[in-house]
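Visitor: To start, I am sharing the structure in question, which I have written as structure tokens.
In the numbering used here, the protein residues as written are 485 to 1028.
Shown next as structure tokens:
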């Protein structure tokens, strides 16, 4: 039986998503937990190839103490946020990929630019998978670079597919899925179930300043919103489910990215009068997604592996992420981040996200998908894979590859009041940080107890608050040399880098870039029964 490829509207077109089962995502969407890439050299002994021993207990994870808060500057409530122009739609437009990178398995911090996500390679025969075990970082970027978690962003933008100075992109705010998603959850707290808006902290820091004007008059000031956990290498407690082992079994790193632990993507879009650059992790991509006929739309390619024996199967998967790897050295110095060039950038239209759930929750399918919409919206994720298991066995008919583009558009239309308030909140944060002395930071906190859960607090940074970028990263972002002078020309990229990567850096049509919506032609019904990876790359149009 083929995989269930559909939209929520009963049509045959679809796309996918990789799972953060168990503790990897909050019910309201937006990752509250870690990522597959956060599993770094801390795993317990595995049973064989990670099969059959399904319920190995995860090791206990000690909670890190909460860092002290700095002095309170001001508090705001959702009711304090006044939308200045209710007729101005708060929608995402002009979405384009501007960079990407992979975290590599290395003792010291090492990234691969542009890297690439793992490829969707479902098992030819469903096998019982081992449940998640070991320990996983909440945030791989902070764990690898605790002093400057946003440092890879500057390198991926300035040395990657766009090869532009960060300042030339005219970015107002750089955020990640966690920081952006938590601000949205705060706005929507009254809509969520109790506990839906959990405590969070983030550091806001301005890189550059408005008085550093360019010849074309654009501002060089960019606000970085940096996730802050209790400790940079804090791990997720109570790991369970199959949110890590399923994607490890059903996706495969390509040869050029085989030593990767995580693929991070940087998309730029317009929202609420601001240019946003958002970093988030991608679970995988569909190989040979049709691009010419799709005008940037998703063409799912549910490639089936022909490997029969287990030894070759897991050798081809490069399952090193489940085995113990080199320990992480978190003693970061300013110049500790190392950069390699390699991999192949994939268009946003080919990317998917995954979530896994027990089969008994399948009847709650629509509710689960609705809960994921905020997270899929802010990441502009076109495809979602929802995989249900029976005691660790994911049957083909229980793996749904869903086109969520129409759902995202509808969710955006239905939540304009909240999104307008989110846009206004982002403007308020930007204005608050701009009045600080150059280089100063602001900590934004949402806590619990004594009515604090109703407020968002602006505070002076508490002890240990990190900087977004090192001085070297700041100069790179601003396009300056070591003396602070402007550098002419684009950032250098290794000459032996694959020239084909360049074609993937362009913006996308339809939902992406200039057009206001996805084309109806992109939503035509597709049938993959007669397709194969070798003949057509799963075009969805082959006759029987």
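Yeah, the Cβ is synthetic: ideal placement off N, Cα and C, and Gly gets one too.
It should be emphasised that the depicted structure is a prediction, and the values quoted were computed from it without experimental measurement.
If contacts are defined as beta-carbon pairs under 8 Å, then residue 657 and residue 760 qualify, I think. What distance do you get, rounded to the angstrom?
Guide: Confirmed, about 5 Å.
Visitor: Compute the Euclidean distance between the alpha carbons of residue 883 and residue 864, then round it to the nearest angstrom.
Guide: Approximately 21 Å, taken between the alpha carbons.
Visitor: Within 10 Å of its beta-carbon, does residue 847 have 16 or more other beta-carbons around it, so buried, or fewer, so exposed?
Guide: Classification of residue 847: exposed, given that the 10 Å Cβ count is below 16.
Visitor: Could you tell me which of 843, 867, 629 and 572 sits nearest to residue 878, measuring between CA atoms?
Guide: Minimum Cα distance to residue 878 is reached at 843.
Visitor: Whole angstroms is fine: what's the gap from residue 581's alpha carbon to residue 750's?
Guide: Taking the straight line joining both Cα atoms gives about 6 Å.
Visitor: Rounded to a whole number of angstroms, what is the C-alpha to C-alpha distance between residue 872 and residue 724?
Guide: Cα to Cα, residue 872 sits roughly 15 Å from residue 724.
Visitor: Near residue 931, which residues of its chain fall below 6 Å by C-beta distance, leaving aside the five closest residues on each side in sequence?
Guide: Excluding residues within five positions, the ones whose Cβ falls inside 6 Å are 683.
Visitor: Taking 8 Å as the threshold (C-beta atoms), are residue 623 and residue 711 in contact?
Guide: Taking 8 Å as the Cβ cut-off, residue 711 and residue 623 qualify as a contacting pair.
Visitor: Nearest-angstrom Cα distance between residue 947 and residue 552?
Guide: Rounded to whole angstroms, residue 947 to residue 552 spans 6 Å at the Cα level.
Visitor: Determine contact between the region 618-633 and the region 715-730, defined as no fewer than three beta-carbon pairs at a distance below 8 Å.
Guide: The region 618-633, when compared against the region 715-730, does touch it at the 8 Å Cβ threshold.
Visitor: Drop a sphere of 10 angstroms on the beta-carbon of residue 739, count the other beta-carbons inside from all chains shown, and report buried for 16 or more, exposed for fewer.
Guide: Counting Cβ neighbours within 10 Å, residue 739 comes out exposed, since fewer than 16 surround it.
Visitor: If the criterion is Cβ atoms closer than 8 Å, does the pair residue 1030 and residue 831 meet it?
Guide: What the structure shows of the chain is the stretch from 485 to 1028, and residue 1030 is not part of that stretch, so it cannot be assessed.
Visitor: So for residue 579, helix, strand or coil by DSSP?
Guide: The answer is strand: DSSP assigns residue 579 an E or B state.
Visitor: What three-state label does DSSP hand residue 727 in the structure shown?
Guide: In the structure shown, residue 727 sits in coil (DSSP, three-state: anything other than H, G, I, E or B).
Visitor: What do you get for residue 1032, buried or exposed, if any count of 16 or more other CB atoms within 10 angstroms of its CB means buried?
Guide: Outside the modelled stretch of the chain, which goes from 485 to 1028, sits residue 1032, for which no answer is possible.
Visitor: From the DSSP secondary-structure annotation, give me the bridge partner or partners of residue 752.
Guide: Answer is 580 and 761.
Visitor: When DSSP labels each residue in this structure, what does residue 619 get in the three-state scheme?
Guide: Here residue 619 sits in coil by DSSP.
Visitor: Mind checking who residue 586 pairs with in its DSSP beta bridge?
Guide: In DSSP, residue 586 forms a bridge with 596 and 747.
Visitor: My guess is that residue 565 and residue 901 are in contact by the Cβ rule of under 8 Å, so how many angstroms apart are they, rounded?
Guide: Not quite, the Cβ-Cβ distance comes to about 11 Å (not below 8 Å), so this is no contact.
Visitor: Can you grab the Cα-Cα spacing for the pair residue 555 / residue 945, in whole Å?
Guide: So the two alpha carbons sit approximately 8 Å from each other.
Visitor: With a 10 Å radius around its C-beta and 16 neighbouring C-beta atoms as the bar for buried, classify residue 839 as buried or exposed.
Guide: Residue 839 is buried by the Cβ-count criterion.
Visitor: Using 8 Å for Cβ pairs, my map puts residue 686 next to residue 653. What's the rounded Cβ distance?
Guide: Between residue 653 and residue 686 the Cβ distance is about 21 Å, and since that is not below 8 Å, they are no contact.
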